[in-house]
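Here's the structure, in structure tokens; my notes come after.
Shown next as structure tokens:
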């Protein structure tokens with residue numbers, strides 16, 4: 001099962017926390033990991049992750065489109081730059097995700113939100 005980072009589908013805004021974005025940007029995934037990026041226009045692209053920036057802009061090499069018959073114009077493309085605002089999901093290999101780090105960041109964020117709610 002691959003880990004999924006979800007985005008708010010109602011407003012199409014990223015729900016990545018700063019720590020999660022930072023973890024993705026600086027992870028060991030780049031240059032080696034095969035990831036699948038699902039776009040808001042329903043195209044799913046699999047390729048080797050080359051870079052991710054703070055806006056979730058993604059560069060992929062050696063790409064393949066998962067539905068070649070539906071998007072034949074993409075069959076000749078080998079490298080892509082994907083603007084972060086068009087990303088719906090990023091599917092990462094489960095072994096590449098530092099689950100304890102993300103769980104810890106989520107717990108801390110929830111604790112901070114609770115503390116703020118109690119204060120006022």
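In full-length UniProt numbering, the protein residues as written are 1 to 120.
By construction, the Cβ of each residue, glycine as well, lies at the ideal position given by its N, Cα and C atoms.
Closest by C-alpha distance to residue i, when choosing among the options
i	options	result
residue 52	65, 92, 76 and 114	92
residue 76	116, 85 and 65	65
residue 70	45, 56 and 96	45
residue 35	107, 50 and 41	50
residue 74	114, 104 and 43	43
residue 55	109, 115, 84 and 111	84
Chain-order list of residues whose beta-carbon lies under 7 Å from that of residue i (same chain, five-residue window excluded)
i	result
residue 4	Unreliable placement is indicated for residue 4, whose pLDDT of 40 sits below 50; the coordinate value is still reported in the next sentence. So the list reads 89 and 91, once near-sequence residues are dropped.
For residue j and residue i, believed in contact at Cβ under 8 Å, the rounded distance
i	j	result
residue 48	residue 62	5 Å
Close beta carbons around residue i, own chain, < 6 Å, minus the five adjacent residues each side
i	result
residue 81	59
residue 79	61
residue 124	Any question about residue 124 goes unanswered here, given that the chain covers just 1 to 120.
Which residues DSSP lists as bridging residue i, in chain order
i	result
residue 80	60
residue 46	36 and 64
residue 69	Note: residue 69 sits in no beta bridge, so no partner.
residue 89	38
residue 51	59
Own chain, CB closer than 8 Å to residue i, minus 5 neighbours either side, in chain order
i	result
residue 40	12, 86, 87 and 88
residue 119	none
residue 9	Note on residue 9: pLDDT 32, under 50, position unreliable in the model; the coordinate value appears next. Here the set comprises 88.
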